[in-house]
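Here is the structure we will look at.
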Amino acid sequence: ADNSSSSDTIATSYAVKKVRDIVENRFSSLANADGYKHVGRCKSVEMLRKVVPSKHGQRILVDAYYEGGTRGGGEFVADLQDLTTADDGGSCFVVLNNTA
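Quick note on this note's numbering: the sequence shown kicks off at 280 and runs consecutively.
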């Protein structure tokens, strides 16, 4: 009998279980009262302008207008249907490669 194949299967099953446990733990931590701290965000508007949204209505957090600052941050929503509004540097930011 080939025990290496059986050992490989057991090792793979163990690895898959460990990964699943880690992922489930990370996802469940999002439901905690302080779970928002685990959500990715941009450090600045400059970084926001480089993020290409993957879907209409996608939300993204921005820490501050300038990296390290304390003002001008918040939650922004991607509007993939609006290809005409100009970047006003305040409430409308256009992604660098938005040339549809």
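C-beta atoms are modelled at their ideal positions from N, C-alpha and C, and glycine is treated no differently. Note that the structure is a prediction, hence the values are computed from the model and not measured.
Checklist entry - Residues in its own chain within less than 6 Å of residue 373 by CB, not counting five upstream and five downstream? => result 366
Next on the checklist: Restricting to runs no shorter than 4 residues, where is the alpha helix (DSSP H) found entirely within the region 289–361?
Outcome noted: 324–327
Item to check | Touching by the beta-carbon criterion (3+ pairs, under 8 Å), the region 316–325 and the region 341–359 | outcome: yes
Checklist entry - Taking the C-alpha atoms as reference points, what is the distance between residue 296 and residue 305? => result 14 Å
Next on the checklist: For residue 353, which residues in the same chain have their Cβ closer than 7 Å to its Cβ, ignoring the five residues on either side in sequence?
Outcome noted: 341
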